[in-house]
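One structure is given below, encoded as structure tokens.
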Amino acid sequence: MDIFFYLFAALTLICGLLVVANPFSRNPVTSAMFLVLTILSMAGLFVLLNAFFLAAVQVIVYAGAVIVLYLFVIMLLDLGADERRRLNKAMVGLSFLGVGLLAFVLVSSIGQSEAVGALSSPRLQGTTEKLGKALFSDYVLPFEVVSVVLLVAMVGIILLSKRDLK
Amino acid sequence: MDLVSTMVKISGVVGVLLLVVAYMVLAERRISAWAQDRMGPNRVGPWGLIQPIADGLKFLLKEDFTPNYVKQPFFWIAPAITIVPALMVFAVLPFGSFLGSQKMVIADLNIGVLYTFGIVSLGVYGIVLAGYAANSKYPFLGGIRSSAQIISYEIAMGMSVVPIFMLIGEPGLLKSLGGEGGAWAKFLAGTEGLNFSRVVAYQAESLFNWLIFKQPLAFLIFLVAAFAETNRLPFDLPEAETELVAGYHTEYSSMKFALFFLAEYANMIAASGLLVTLFLGGWSLPFLGLDDPATSVLGGVLHILIFMAKVFAVMFLFIWVRWTLPRFRYDQLMQLGWKRFVPLALANIVITAFVLWTVAGGQA
Chain A
1 MDIFFYLFAA
11 LTLICGLLVV
21 ANPFSRNPVT
31 SAMFLVLTIL
41 SMAGLFVLLN
51 AFFLAAVQVI
61 VYAGAVIVLY
71 LFVIMLLDLG
81 ADERRRLNKA
91 MVGLSFLGVG
101 LLAFVLVSSI
111 GQSEAVGALS
121 SPRLQGTTEK
131 LGKALFSDYV
141 LPFEVVSVVL
151 LVAMVGIILL
161 SKRDLK
Chain B
1001 MDLVSTMVKI
1011 SGVVGVLLLV
1021 VAYMVLAERR
1031 ISAWAQDRMG
1041 PNRVGPWGLI
1051 QPIADGLKFL
1061 LKEDFTPNYV
1071 KQPFFWIAPA
1081 ITIVPALMVF
1091 AVLPFGSFLG
1101 SQKMVIADLN
1111 IGVLYTFGIV
1121 SLGVYGIVLA
1131 GYAANSKYPF
1141 LGGIRSSAQI
1151 ISYEIAMGMS
1161 VVPIFMLIGE
1171 PGLLKSLGGE
1181 GGAWAKFLAG
1191 TEGLNFSRVV
1201 AYQAESLFNW
1211 LIFKQPLAFL
1221 IFLVAAFAET
1231 NRLPFDLPEA
1241 ETELVAGYHT
1251 EYSSMKFALF
1261 FLAEYANMIA
1271 ASGLLVTLFL
1281 GGWSLPFLGL
1291 DDPATSVLGG
1301 VLHILIFMAK
1311 VFAVMFLFIW
1321 VRWTLPRFRY
1331 DQLMQLGWKR
1341 FVPLALANIV
1351 ITAFVLWTVA
1361 GGQA
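Okay, structure coming up:
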């Protein structure tokens, strides 16, 4: 099982890097496709954690819907200028610095929390059924609030795209 | 040992699937000829039965032409991406009960139906990339049309199966099937709510348990959405010949074109397999003792044959509809998906929930 973890982790990192800093192609479609691979490898990591539901939802929502819409937008807009722009070395360095700082904050905060030591097994427990019950009983308020946020985003899009509604 | 039996099952399923795909092309041509009062291909072998081999040879030997304005890497991987999801759907479908001690399903996932929708939603990339890679107008329009169509109908399709799993999720499924220690207990061991084996178990006992009778609306929505997802007439807008030459695969030739062609049929078989498992009782028949998981090898083989026969029946429906109905207009297609099916599917969920709540005596 360890082999699979390293395989998927490496794939996630490499594909993630190729999304933002691909030395061979500046084509936005290529980036989007590498983003799909990143998400599929992350779904693999979820499967290794026994979180099958999360893995499936990750694939359906992100790979199956969100990035398809990205591709739509990329293809319909003319992004020729971005394709010709060279990779800005200073920006790459700065992004590595930013990510490094974020990783430092995350790692040090994980090290300080007590929950990590308390978890005896790294595998997640619980089924889709339990997750659903928890979402609709204990966590029903946050769940509904999230859906309201999505609704607001939808209304905003409609207002922005329909100029004559203003 | 587990790995070996899984490998055997995978090779068996993929082998049979590719064979069926090849012969479905022949069946489509013969049935279309029959529908139009022609002969159809009948020269190669008796009744044209060797025609698929001749077609395959033709595809292999033709020049593999790549126009020099296409986007190379995408042009090459698009056909492969198209056919892979079609084959992967079969990993979770139970195509039989037991053969010896082996359960006739490759991976009995407890998130079966979610896995299927995940894989189906990846199928759109092949078509989008093919349209993009061709770098010319008609394929691009075909690709865009197809992705919009597939995303739209996925929503109706996903919501249409929710009532099914509300019914399956009712407690006491195993008890009504002979309880612990029986063949069903062995078949359903370790399964949970979203598993396809449970859907079959729910429908096995009587004809009126088939979900086509219990959820006719869900069946109708799923069937029409399946036509849209597989780009079949009356929803074949992505490759509408009269408007778009051949849509997203205009620039493809030889084996690359054949992959798109085969993927269409593999997708059809996958959709038929899903329809059979979800609505038509899967591998079971409610009489002659074929409703319980098999205990003998003969019974096991019979169950596999029943599953295949049902899939062929649904495939015939797909072909029959293609040569009967005219094509929709694109705006009609979108209106049907978003303004008719999505509200209907939602209403179906609410009604099913209300009925289940009433049957349970108004208890939460």
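Residue numbers (the working numbering), protein chains in the order written: chain A, 1 to 166; chain B, 1001 to 1364.
Cβ coordinates follow ideal geometry from the N, Cα and C atoms, glycine included.
| Asked | Found |
| --- | --- |
| Straight-line Cα distance separating A/L69 from A/E144 | 25 Å |
| Listed by chain order, chain A residues near B/E1192 by CB distance under 8 Å | T127, T128 and E129 |
| Coil, strand or helix - B/L1099 by DSSP | strand |
| Nearest neighbour of B/I1083, chosen from B/L1305, B/L1280, B/L1278 and B/A1270 [CA to CA] | B/A1270 |
| Any chain A beta carbon closer than 9 Å to B/F1318 | no |
| Beta-carbon gap between B/P1052 and B/L1017 smaller than 9 Å | no |
| Three-state secondary structure assigned by DSSP to B/F1235 | coil |
| Candidates B/A1022, B/D1055, B/Y1138 and B/M1159: closest to B/F1219 by CA position | B/M1159 |
| Alpha carbon of A/F52 to alpha carbon of B/A1054, nearest angstrom | 44 Å |
| Chain B residues whose Cβ lies nearer than 7 Å to that of A/A56 | I1111, L1114, Y1115 and G1118 |
| C-beta contact flag for B/F1196 and B/V1113 at 9 Å | yes |
| DSSP-derived helix/strand/coil call for B/I1106 | coil |
| Inter-residue spacing [alpha-carbon to alpha-carbon] between A/P23 and A/L76 | 24 Å |
| Straight-line gap, A/K162 to B/Q1149 (C-alpha atoms, nearest Å) | 22 Å |
| Stretch pair the segment 1316 to 1328 of chain B + the segment 1131 to 1147 of chain B: three plus CB contacts closer than 8 Å | no |
| Beta-carbon gap between B/M1255 and B/F1318 smaller than 9 Å | no |
| Under 8 Å from the C-beta of B/A1269: neighbouring residues of chain A | For clarity, residue 1269 of chain B is Ile in the given sequence; the question names Ala instead. Result: empty, since nearest Cβ-Cβ is about 21 Å, beyond 8 Å. |
| B/A1266 versus B/V1021: straight-line alpha-carbon distance, rounded | 6 Å |
| Through-space distance from B/W1320 to B/L1274, alpha-carbon basis | 19 Å |
| Closest Cα partner of B/A1204 within the set B/D1291, B/E1192, B/S1121 and B/R1340 | B/D1291 |
| C-beta contact flag for B/I1221 and B/N1068 at 9 Å | no |
| Candidates B/M1157, B/T1066 and B/L1302, of which the one nearest B/H1249 by Cα | B/T1066 |
| CB contact check: B/A1148 to chain A, cutoff 9 Å | yes |
| Own chain residues within Cβ distance below 6 Å of B/F1075, not counting five before or after | A1133 |
| Neighbouring residues, chain B, relative to A/V20 (Cβ below 9 Å) | Here the premise fails: no neighbours, minimum Cβ distance about 19 Å. |
| For B/A1258, three-class secondary structure by DSSP | helix |
| CB contact flag (B/M1334, B/S1147, <9 Å) | no |
| Neighbourhood of B/M1104 by C-beta, 8 Å cutoff - its chain only, sequence neighbours within 5 removed | K1009, P1094, F1095, G1096, S1097, F1098, W1283, G1300, H1303 and I1304 |
| Cβ-based burial, A/V105 [other Cβ within 10 Å; buried from 16] | exposed |
| Below-9 Å beta-carbon distance, A/M154 vs any chain B residue | no |
| Where B/T1066 sits in the DSSP three-state scheme | coil |
| Buried versus exposed, by CB contacts within 10 Å (16 or more), B/R1198 | buried |
| Own chain partners of B/E1028 with C-beta closer than 7 Å, once the 5 adjacent residues on each side are dropped | I1319 |
| Min CB distance B/P1073 to chain A below 9 Å | yes |
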